[in-house]
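Worksheet: one structure, shown below.
There are 6 protein chains.
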Amino acid sequence: MTHTKKPQLFWLDELSTKEAAQAAKNGTVIIFPLGSVEEHGDHLPLGTDCIQPEYIAAEVAKRTGCLVAPPFRYGICNATRNFPGTLTIQFDTLYRVAHDILSELIRNGFYRIIVMSGHAGNSHMVALRLAAQDIVTKNDELCAGKVRIMVLSDFDFAEELATELAVPDDGHAGTIETSRVMAIKPELVKGKGKAEKRQLPRFEVVAHPERCFPGGVNGDPTVASAEKGKKINEYVIGQVEKLVRQLQMG
Amino acid sequence: MTHTKKPQLFWLDELSTKEAAQAAKNGTVIIFPLGSVEEHGDHLPLGTDCIQPEYIAAEVAKRTGCLVAPPFRYGICNATRNFPGTLTIQFDTLYRVAHDILSELIRNGFYRIIVMSGHAGNSHMVALRLAAQDIVTKNDELCAGKVRIMVLSDFDFAEELATELAVPDDGHAGTIETSRVMAIKPELVKGKGKAEKRQLPRFEVVAHPERCFPGGVNGDPTVASAEKGKKINEYVIGQVEKLVRQLQMG
Amino acid sequence: MTHTKKPQLFWLDELSTKEAAQAAKNGTVIIFPLGSVEEHGDHLPLGTDCIQPEYIAAEVAKRTGCLVAPPFRYGICNATRNFPGTLTIQFDTLYRVAHDILSELIRNGFYRIIVMSGHAGNSHMVALRLAAQDIVTKNDELCAGKVRIMVLSDFDFAEELATELAVPDDGHAGTIETSRVMAIKPELVKGKGKAEKRQLPRFEVVAHPERCFPGGVNGDPTVASAEKGKKINEYVIGQVEKLVRQLQMG
Amino acid sequence: MTHTKKPQLFWLDELSTKEAAQAAKNGTVIIFPLGSVEEHGDHLPLGTDCIQPEYIAAEVAKRTGCLVAPPFRYGICNATRNFPGTLTIQFDTLYRVAHDILSELIRNGFYRIIVMSGHAGNSHMVALRLAAQDIVTKNDELCAGKVRIMVLSDFDFAEELATELAVPDDGHAGTIETSRVMAIKPELVKGKGKAEKRQLPRFEVVAHPERCFPGGVNGDPTVASAEKGKKINEYVIGQVEKLVRQLQMG
Amino acid sequence: MTHTKKPQLFWLDELSTKEAAQAAKNGTVIIFPLGSVEEHGDHLPLGTDCIQPEYIAAEVAKRTGCLVAPPFRYGICNATRNFPGTLTIQFDTLYRVAHDILSELIRNGFYRIIVMSGHAGNSHMVALRLAAQDIVTKNDELCAGKVRIMVLSDFDFAEELATELAVPDDGHAGTIETSRVMAIKPELVKGKGKAEKRQLPRFEVVAHPERCFPGGVNGDPTVASAEKGKKINEYVIGQVEKLVRQLQMG
Amino acid sequence: MTHTKKPQLFWLDELSTKEAAQAAKNGTVIIFPLGSVEEHGDHLPLGTDCIQPEYIAAEVAKRTGCLVAPPFRYGICNATRNFPGTLTIQFDTLYRVAHDILSELIRNGFYRIIVMSGHAGNSHMVALRLAAQDIVTKNDELCAGKVRIMVLSDFDFAEELATELAVPDDGHAGTIETSRVMAIKPELVKGKGKAEKRQLPRFEVVAHPERCFPGGVNGDPTVASAEKGKKINEYVIGQVEKLVRQLQMG
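Residue numbers (our numbering), protein chains in the order written: chain A, 2 to 251; chain B, 2 to 251; chain C, 2 to 251; chain D, 2 to 251; chain E, 2 to 251; chain F, 2 to 251.
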């Protein structure tokens, strides 16, 4: 019996051309996950912002029948760019990657897409939204309403639990991210980390933002736990699942 | 005992910032794998060109101590672009992705890099080589000889066995690729495929190259086997290992 | 007696070349105001986002001796782009304008600059911050610490009074903006306006955001007053004045 | 009685969204004024090329009912670029600003536009004409003849009086410009200036054009007068008025 | 009698506007020749890659009635770029030149075009093919099948004789090229040259490829002869003639 | 005796790499000729603007020992773009071609360059001057005064004889151009042409400039003669010779 293999085929690039054609015809929703290779304290891996959304996307796909496009794991990293291990890309590069992939998905008949990034930096998200908006506007001129694109960070949902978890100002490599990675890939968590409060200047654009948080952390990773992480992840999965179902019906 | 986990840390984004700093200081070689989301007959998955180089890179990393950067799984696909499931990106997009990542690796002190693509289309490879050349030339002006970059397709090595395997004209989704995927991810091979000979016009640039091979195959997948695949993969691993060792010494 | 004219010379382009050279030598701070030509309900003029920061900049200049560069009155307007009268420009265009002007100010020896936009859209602000960051980073490589640039919206300060004014969710063309324009250019306020709550989708990027607030207002302009506006403006002037003094000393 | 305010509403950005919609429906002509921030001798302000066309545009608007879009006060300044106070922008930047604003005016239904620059440098004017031509050609493909755009410098008209004023070779910061500013903003004229003859090489493209006229003047400002300026301005207003009327009828 | 002049009019730019209109109406095939200014050993001129295709194009035109567009004699030269006399252009520049000229030929009604380059570098050929492909794809969307473009190097045909000439690995400035120039422009051949084997690294992208063949030759020019050259040229002419006839009929 | 061949070697691409190295070392001046493929009435060939400067450049080279780079025969043609046979290229394309070639000449040690275009359209000349200026400015930062570039049209000199020839308003395809081609390539002149006065609108940018001179001529070709052409050409040769000598000494 081999039909147990079927549930694994939630990655778009595991399908054959024929299977992809059928999926497009069925109106299948696509999640396109993005992340970054970026310093996340001494305790978390550089790929922290990839691990989270890819896990969420896979779980949502298993529950809803949507597909997950191959992730793009490089992002625009402003505040962390001078820490070792951070690879930051140009605004134009990210815009073009997102624009090309959205265009191509639509050319293939995949009209409903969720762009979900684990990295939530402001420039990064604007590049993604700008690409989506240019695609949506252009398609609206050609054929109104057919194309629907959502752009979000899974962190948008995760931080909704911050108050409940008693970490109201938690951020980069803090309680929430550390907990989530502990729940997904515990073998990649290197020690407990160290609490720190990032205080970037409110308006000044500085050449050395890393001097505002030398440990590379914004929050308290020491109170993180796999249990908390599991709870957060479940919540995020539930919220993203709702978005997928909304697109499946709309 | 947890030291068994150590061998898994060959992915660059599994390291922490400190570990990445140390790796750069050690002169660690980086392999940057690329692929495509592209029709590969009815029997192979769209991600065939990702599966192969990522597997090779991981095996070489285990043997040599080099690191593997997160893959970029989108490529320039000319001949297959009109088959369902193919997502082709612009030349400039690929150039920029490669240029940004190479620049950032070098900014981080990783001076020895192998860019290895599973997809071997001509425009695709030229975009990668052009990015590498611009980086090498610029760095040569600043500091001669420090930066060394190789650009290749793992298929360059794989097809060296074509004669031995009695499939001299084998290509896209043919005996070699099918065998290799059968050896790496057999659960993603959907049936035996069908032999076909692609005959693109030699000089004319056509709007519908897919009409020259309606089955999307160039070669004979029906004579593929996991055994052949294993043999090819071992050979490719050995060849890439040699390149890494050459950079480690140089 | 003509020395009463002197206080008017806070606009950079009112200086002669010699006066500009002297001002640069003196370390004079420059404010570069930006805005947009954009629907602001039926009661406010399209230039609402220009009127506010230009007034603030002029007042701050009178008090601190800083200079104000000629404003750029065109911005990136996403949510309002389909209302009559909105002129929205491309991301690249705004980036280039900001990049060129910052570069040229620095080439002229004006190293301390406040980029202050009346329009506070997210893409708009990212374009400005990105330009500033590229300038700061490049200059840091050449000559660390000499160049200092702040990027803000005067609305960032204005909305700090929202709770005190009992309009916590006030926004586009609402109580705050209407009050401020009533205080600065009452002759351009056309009636009382109509309260409305904008509810853009949280994640979906839509072709017709104007359908989410057909009146083009987010807030309650009917409770606005020139008195409130004066109070807000004074507060904003005070805050921007602090930033200028900070740069004058730093 | 407040109807005396109406005449002031000749600036496009003083209109509300509804008023802008009505103006477009009425076929209202738009003047888009441009200038530069540029050395103009020791006696004239950097914004000399803004002061002139903005004054002309306002006067023409009062007489014809056309509207004036917010000015763009930054230009391409070749010969003066190394004098203090000159801010010169890239060719592409000016092209994009002009292209975006013309496109957006047309998207709003304003099909008749006069682009009028106070700065008349050759590259500067070509950038504006190129943008206009690309817009006109594209619109001609879509809907022949609807869009009409004129591109000019108000100096094109002003220098028609040069012979009559006995200053045949007058140019940058000379008799004509000085007189015009004396008539419009006398409080910004700083002394009488000094006569000078600019002799740029005819063909060689030099790095230091400022060495060809160290005083930054091409002409004789010492014979300027407010009276002459008034006469010139009236003439220019009359000529631009004719262009507007031509577009209003056509 | 002047009709003997007629046969010379195979250059497109020798026609008048009326003659060009007529040629387009007749479905005339256009050959667009390209080359490079590039080191070719001490014995061959920099323009070797121009001389060959321009001669071929002219001969084919005389035999078939096709036209030859003005050549573009600058190319992308990687391996030879550091030798004196090599002028290498950017990838984007070549792409744009080819794209503009193909677009303009098609706008003029010349729908059948052969892009033939004497320089056959990989990046160079990809830039040409990419331009052709973008044109063909776009025109296919508008009007399927009307536009037909071939992209080739005349060297593709020339090297088919390599085995017959007993120079199997002949390349840059070797037997074939030297012979061909001896047959076309013997007065530009400066001595016999020197045999050399170029051994560029297979994968490494190097800053100094010229160190791999200090004489700038890949092959043996010493066995070249005008006779061989004549034979090769005749063969190439025949093959290109076939392509033209194929387009004339198709 | 073969030294009679030497005088022909005024084309840069006729030199070998060694000869080019020597020429650069000698400080040899380079002329880079440009033109256009463009309607020139019914009587002149499309390449009229190439024939003239290439002839001038060759003659000047013979007299002064300067070299001529391969011409670029495609230009920006605004007014004639809708006539059959006109191939007009993008502003950016011409800028990049000029920028690349100037950069490469300088990289090769050719520091004194005359860019001479037969086509004298305004956008066309600005693209050339802009490229030259960017090169000169950049090189001035690196090494002041070494690089010298002149940009001109040979028509700038030719029209200095217009009064003497009694054709004061002569222009495109008129007396001067027709006479010059009659003197250089009489076999390409097709009949006498027809006099016409082009009256483009002074300010309006129109989609159909060809309607302002349906015959495609601005001037009177019927009074042209080879004699006049010879005289004009001699004059232009003399003037360009002076420029070369000026650079040779400077």
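Where is the CB? At the ideal position from N, CA and C, for every residue including glycine.
Check: The region 204–211 of chain C in contact with the region 105–115 of chain C per 3-pair CB rule at 8 Å; Outcome: no
Check: Exposure of B/Gly251, with buried meaning 16 or more beta-carbon neighbours within 10 Å; Outcome: exposed
Check: Short CB-CB distance (under 9 Å) between F/Met250 and chain D; Outcome: no
Check: Interface residues of the region 47–69 of chain A facing chain B [CB-CB below 8 Å]; Outcome: Leu47, Gly48 and Cys51
Check: Exposed unless 16 or more other CB atoms sit within 10 angstroms - verdict on D/Glu188; Outcome: exposed
Check: For E/Cys78 and E/Val241, the rounded distance between their alpha carbons; Outcome: 24 Å
Check: Residues in the region 175–192 of chain E having any Cβ partner in chain F nearer than 8 Å; Outcome: Glu188, Leu189 and Lys191
Check: Straight-line Cα distance separating C/Ala121 from C/Val1; Outcome: The structure shown does not extend to residue 1 of chain C, since chain C is modelled only from 2 to 251, so the question has no answer here.
Check: N-terminal and C-terminal residue of the alpha helix (DSSP H) that E/Pro85 is part of; Outcome: Where E/Pro85 is concerned, there is no enclosing alpha helix (DSSP H), given that its DSSP letter is neither H nor E.
Check: Per-residue DSSP class, three states only, for B/Arg113; Outcome: strand
Check: Cα-Cα separation, D/Ser226 to A/Asp93; Outcome: 52 Å
Check: Buried/exposed call for C/Ala145, threshold 16 Cβ in 10 Å; Outcome: exposed
Check: Cβ-Cβ separation, B/Leu68 to B/Phe11 (assumed contact under 8 Å), whole Å; Outcome: 6 Å
Check: Supposed close pair A/Glu39, A/Pro85 - CB separation, criterion 8 Å; Outcome: Their Cβ separation, rounded to whole angstroms, is 11 Å, which puts A/Glu39 and A/Pro85 out of contact at 8 Å.
Check: Beta-ladder partner(s) of C/Ser154, from DSSP; Outcome: C/Ser118
Check: Cβ neighbours of F/Ser118 in the same chain (closer than 6 Å, five flanking residues each side left out); Outcome: Leu35 and Ser154
Check: Sufficient close CB pairs (3 or more, under 8 Å) joining the region 13–24 of chain B to the region 44–57 of chain A; Outcome: yes
Check: Partner residues on chain F for D/Ile150, Cβ-Cβ distance less than 8 Å; Outcome: Glu205 and Val206
Check: Touch test, the region 22–33 of chain D against the region 56–74 of chain C, Cβ-Cβ under 8 Å, three pairs minimum; Outcome: no
Check: At least three beta-carbon pairs within less than 8 Å, the region 171–178 of chain B to the region 213–220 of chain B; Outcome: yes
Check: C-beta neighbour in chain A for B/Asp14, strict 9 Å; Outcome: yes
Check: CB contact check: E/Ser124 to chain B, cutoff 9 Å; Outcome: yes
Check: Where C/Leu16 sits in the DSSP three-state scheme; Outcome: coil
Check: Neighbourhood of B/Thr5 by C-beta, 7 Å cutoff - its chain only, sequence neighbours within 5 removed; Outcome: Bear in mind that a pLDDT of 45 at B/Thr5, under 50, signals an unreliable position, so the model cannot answer this.
Check: Beta-carbon proximity of D/Ile233 to D/Leu166, cut-off 9 Å; Outcome: yes
Check: Contacts that C/Phe214 makes with chain A (C-beta to C-beta distance below 9 Å); Outcome: Simply none; closest approach about 17 Å.
Check: Span of the alpha helix (DSSP H) around D/Gly129; Outcome: Reading off the sequence shown, one finds Leu at residue 129 of chain D, where the question assumed Gly. Note, D/Leu129: alpha helix (DSSP H), Asn123 to Leu143.
Check: Short CB-CB distance (under 9 Å) between E/Asp171 and chain B; Outcome: no
Check: Within 7 Å of chain D by C-beta, residues of the region 104–134 of chain F in sequence order; Outcome: Asn123, Ser124, Val127, Arg130, Leu131, Ala133 and Gln134
Check: B/Pro169 vs B/Gly194 beta-carbon contact at 9 Å; Outcome: no
Check: DSSP state of E/Leu244 mapped onto helix, strand, coil; Outcome: helix
Check: Check whether D/Val30 and D/Gln200 have beta carbons under 9 Å apart; Outcome: no
Check: Closer than 9 Å to chain E by CB, B/Leu201; Outcome: no
Check: Within-9 Å CB hit, D/Thr3 to chain F; Outcome: Caution is warranted here: a pLDDT of 43 is assigned to D/Thr3, below 50, making its placement in the model unreliable, and the coordinate value is therefore given only provisionally. Not closer than 9 Å to any Cβ of chain F, the Cβ of D/Thr3 fails to qualify, so no.
Check: B/Leu143 and B/Ala99 closer than 9 Å at C-beta; Outcome: no
Check: Alpha-carbon to alpha-carbon, C/Ile52 and C/Ala133; Outcome: 23 Å
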